[in-house]
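Only one structure is covered here, and it is reproduced in the block below.
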Amino acid sequence: MDAGTTLTQSSAATRSWLQSLRARLPDFEYSEAKYYAAFRTGPARRAFAYLNPAKRSIRLFLPLDPGDESHLRPTPSTSSWAERFPSVFRIAGDQDLSVAAGLIAKAQAGFTIDQEPAGVRVSVDPIHVEMQDMNEDVIDSAIRENRLRIGMVPTNSELALARQRRGQKRLRRLTLLNYDLRCALCDVVNPSLLVASHIAGWAAAPEARGMLSNIICLCRFHDVLFEQGYWSLADDLAVLRVRKRDSRVIRYLLNDGLRFREPHEHRPAMDFLHQHRMRCGLEIW
Numbered sequence: 002m003d004a005g006t007t008l009t010q011s012s013a014a015t016r017s018w019l020q021s022l023r024a025r026l027p028d029f030e031y032s033e034a035k036y037y038a039a040f041r042t043g044p045a046r047r048a049f050a051y052l053n054p055a056k057r058s059i060r061l062f063l064p065l066d067p068g069d070e071s072h073l074r075p076t077p078s079t080s081s082w083a084e085r086f087p088s089v090f091r092i093a094g095d096q097d098l099s100v101a102a103g104l105i106a107k108a109q110a111g112f113t114i115d116q117e118p119a120g121v122r123v124s125v126d127p128i129h130v131e132m133q134d135m136n137e138d139v140i141d142s143a144i145r146e147n148r149l150r151i152g153m154v155p156t157n158s159e160l161a162l163a164r165q166r167r168g169q170k171r172l173r174r175l176t177l178l179n180y181d182l183r184c185a186l187c188d189v190v191n192p193s194l195l196v197a198s199h200i201a202g203w204a205a206a207p208e209a210r211g212m213l214s215n216i217i218c219l220c221r222f223h224d225v226l227f228e229q230g231y232w233s234l235a236d237d238l239a240v241l242r243v244r245k246r247d248s249r250v251i252r253y254l255l256n257d258g259l260r261f262r263e264p265h266e267h268r269p270a271m272d273f274l275h276q277h278r279m280r281c282g283l284e285i286w
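Here the sequence shown stands for residues 2 to 286, where the numbers follow my numbering.
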């Protein structure tokens, strides 16, 4: 398959870089899907490198330890995805292709890695909101540092439940502030119509319940459509409409001009978006 025939977020430049990598690595099988390309090997055709091309760059995900190569950075992840691909390299021009080809070859050679997940930096000293009394400043600080854990311990007392509600209230407030007190998809600004919407669900990613990178400020209308899998987000935050919009109201809410409004900080993490797209049937791994 020719590069670029299915990669909807790529450009002429990034497609040419993919072609160059294919030419440099002729012994490796190459494949494409809608948002990702991959190099594969062996009878099982197992992918050992994934490439996510955008307009001006390509993110290359590899099963290499990010600490062993100065070119690599940790994959922004907190789940099993990072165990397979804990490192990422950004291709931003022709000058990066030789490095990328070398990293792909190294990955194919079966370089062993430490299986500890890398990515979104989670403190080794988490704070369980139900376990202690904290004022608002302490809770806010724990949320910003990815340290707050919600609902990870039994809430078999009114005191624990009250502490949990306090943590959820602060999490909602910081989420709304992160998005300027408005829905990330539309112009709804009424606080009573805004919710802190989790990307990776409450049950699916309990360790991420208190992470701002796992939460988007949405209006109640776009939140329920997000939860039900009518739309998702690409890694570059382009809006992806997943299901047929079989209603005039849904077509209006998910119109073709829809754009995601990025937050001030705590951009949605790639791993959580990956999990949501997996649930919506958009991912290839």
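Backbone N, C-alpha and C fix where the C-beta goes; we use that ideal spot for every residue, glycine too.
DSSP three-state assignment for residue i, whether helix, strand or coil
| i | result |
| --- | --- |
| residue 253 | helix |
| residue 8 | coil |
| residue 238 | coil |
| residue 233 | strand |
| residue 221 | helix |
| residue 129 | strand |
| residue 100 | helix |
| residue 139 | helix |
| residue 151 | coil |
| residue 175 | helix |
| residue 26 | coil |
| residue 110 | coil |
Beta-ladder partner(s) of residue i, from DSSP
| i | result |
| --- | --- |
| residue 61 | 52, 90 |
| residue 281 | Bridge partners of residue 281: none, in fact. |
| residue 42 | 47 |
| residue 185 | Answer is none; residue 185 lacks a bridge partner. |
| residue 74 | 89 |
| residue 292 | With the chain covering 2 to 286 only, the question about residue 292 has no answer from this structure. |
| residue 32 | 39 |
Chain-order list of residues whose beta-carbon lies under 8 Å from that of residue i (same chain, five-residue window excluded)
| i | result |
| --- | --- |
| residue 85 | 64 |
| residue 226 | 232, 251, 254, 255 |
| residue 134 | 164 |
| residue 183 | 189, 190, 195, 218, 262 |
| residue 243 | 230, 231, 232, 233, 281, 282, 283 |
Distance, residue j Cα to residue i Cα
| i | j | result |
| --- | --- | --- |
| residue 217 | residue 75 | 23 Å |
| residue 24 | residue 102 | 10 Å |
| residue 106 | residue 136 | 52 Å |
| residue 248 | residue 222 | 14 Å |
| residue 12 | residue 58 | 9 Å |
| residue 100 | residue 220 | 44 Å |
| residue 203 | residue 28 | 43 Å |
| residue 224 | residue 83 | 27 Å |
| residue 33 | residue 173 | 39 Å |
| residue 260 | residue 158 | 43 Å |
Neighbourhood of residue i by C-beta, 6 Å cutoff - its chain only, sequence neighbours within 5 removed
| i | result |
| --- | --- |
| residue 201 | 209, 215, 273, 276 |
| residue 55 | 10, 237 |
| residue 142 | none |
Beta-carbon proximity list for residue i, same chain, < 7 Å, skipping 5 on both sides
| i | result |
| --- | --- |
| residue 241 | 232, 233, 234, 235, 283 |
Contact test: residue i Cβ vs the ligand MG heavy atom, cutoff 6 Å
| i | result |
| --- | --- |
| residue 199 | Looking for the ligand MG in the displayed structure turns up nothing, as the structure carries no ligands at all. |
Notebook entry, point to check: Is the number of C-beta pairs between the region 26-41 and the region 50-58 that are closer than 8 Å three or more?
Noted result: yes
Note to self: Would you call the region 174-183 in contact with the region 194-203, where contact means no fewer than 3 C-beta pairs closer than 8 Å?
What the structure shows: yes
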